[in-house]
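Chemist: Once you've had a glance at the structure underneath, I'll fire off some questions.
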Amino acid sequence: MAGKILVFDTETTGFRSDDEVLTLAVVNGAGKALVDGMYAPVRKSTWPDAEKINRISPKMVAECPPILSQQKLLEQMFNDPEVLLVGYNIEFDIRLLAQSGIRITNPNRHDVMLAFSEFRKIPDARRGGYRWWKLTECADYYRYDWGTSEAHGALADTLATLYCYQKMQQPVYEEQSLF
Numbered sequence: 002m003a004g005k006i007l008v009f010d011t012e013t014t015g016f017r018s019d020d021e022v023l024t025l026a027v028v029n030g031a032g033k034a035l036v037d038g039m040y041a042p043v044r045k046s047t048w049p050d051a052e053k054i055n056r057i058s059p060k061m062v063a064e065c066p067p068i069l070s071q072q073k074l075l076e077q078m079f080n081d082p083e084v085l086l087v088g089y090n091i092e093f094d095i096r097l098l099a100q101s102g103i104r105i106t107n108p109n110r111h112d113v114m115l116a117f118s119e120f121r122k123i124p125d126a127r128r129g130g131y132r133w134w135k136l137t138e139c140a141d142y143y144r145y146d147w148g149t150s151e152a153h154g155a156l157a158d159t160l161a162t163l164y165c166y167q168k169m170q171q172p173v174y175e176e177q178s179l180f
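So the sequence shown is residues 2 to 180, counted in our numbering.
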């Protein structure tokens with residue numbers, strides 16, 4: 002399973018039950034972009050709060066097709082039983098894709114955010130488990146170089162997630178005393 006992975010991220014009109022996907026990026030395990038698309042939402046015409054974060058304006062997506070125009074391709078890609086889906090807060094992206102009409106039923110999923118939270122083990126009394134770290138915090142921990150890209154872009158976040166995922170797959174060696 003580790004050899005065939007798809008890492009993905011979305012940028013959306015928000016996080017509520019009526020919000021939709023604006024951009025989707027999908028890369029393979031080598032970091033090759035398989036999807037890097039912008040999509041016009043079908044229910045929303047403005048998203049001022051999300052726009053402040055993801056920098057995607059209604060004008061930028063006005064002439065784009067809706068994500069449903071790629072439904073068959075995306076569902077086939079995501080639901081391949083031989084693929085491990087990797088994301089940062091992956092259930093959020095899967096939910097927003099579903100709200101936009103893309104159904105992901107593949108149970109083979111790895112959430113880098115939850116794995117990083119488990120690794121860091123900082124208690125979070127509010128959630129009752131461990132603290133959830135932002136992708137930028139996880140990327141900083143592993144010294145990810147964003148280059149000329151910025152966080153909160155689907156492709157940039159996907160590549161950062163892949164990097165963090167790969168770092169977390171490497172063995173961790175503890176310093177041992179010789180005495």
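Glycine included, every Cβ here is placed at the ideal spot set by N, Cα and C.
(1) With a cut-off of 8 Å on the beta carbons, I'd call D112 and N80 a contact; round off their distance for me.
(2) Tell me the DSSP bridge mates of H111?
(3) Can you tell me whether D19 is buried or exposed? The criterion is at least 16 other CB atoms within 10 Å of its CB, across all chains shown.
(4) Between which two residues does the beta strand (DSSP E) harbouring T137 extend?
(5) My parser needs the alpha helix (DSSP H) runs of 4 or more residues fully inside the region 29 to 72; what are they?
(6) Look up F1 in the DSSP assignment and say whether it is helix, strand or coil.
(7) Flag this pair as yes or no: are the beta carbons of N107 and V84 separated by less than 9 Å?
(8) Between which two residues does the alpha helix (DSSP H) holding D158 run?
Modeler: With the structure as the only source:
(1) Within the sequence shown, residue 112 is the residue found at index 111, counting from 1. Within the sequence shown, residue 80 is the residue found at index 79, counting from 1. N80 and D112 do not touch by the CB rule: their CB atoms are close to 18 Å apart, not below 8 Å.
(2) Here residue 111 is taken as the residue at index 110 of the sequence shown, counted from 1. Partner(s): V87.
(3) Sequence index remark: in the sequence shown, residue 19 carries index 18 (1-based). Only exposed fits D19, as fewer than 16 other CB atoms lie within 10 angstroms of its CB.
(4) As a first step, residue 137 must be located in the sequence shown, where it is residue number 136. That residue, T137, is in no beta strand (DSSP E); its alpha helix (DSSP H) goes L136 to Y142.
(5) If only complete runs of 4 or more residues are kept, the region 29 to 72 shows the alpha helix (DSSP H) at 49 to 55 and 59 to 62, in order along the chain.
(6) For the chain, the structure presents residues 2 to 180; residue 1 sits outside this window and is missing.
(7) Along the sequence shown, read from residue 1 onward, the residue named residue 107 stands at position 106. Along the sequence shown, read from residue 1 onward, the residue named residue 84 stands at position 83. Yes, these two residues count as a Cβ contact at 9 Å.
(8) The residue you call residue 158 lines up with position 157 of the sequence shown. Boundaries of the alpha helix (DSSP H) harbouring D158: A155 to Q170, taken from the DSSP string.
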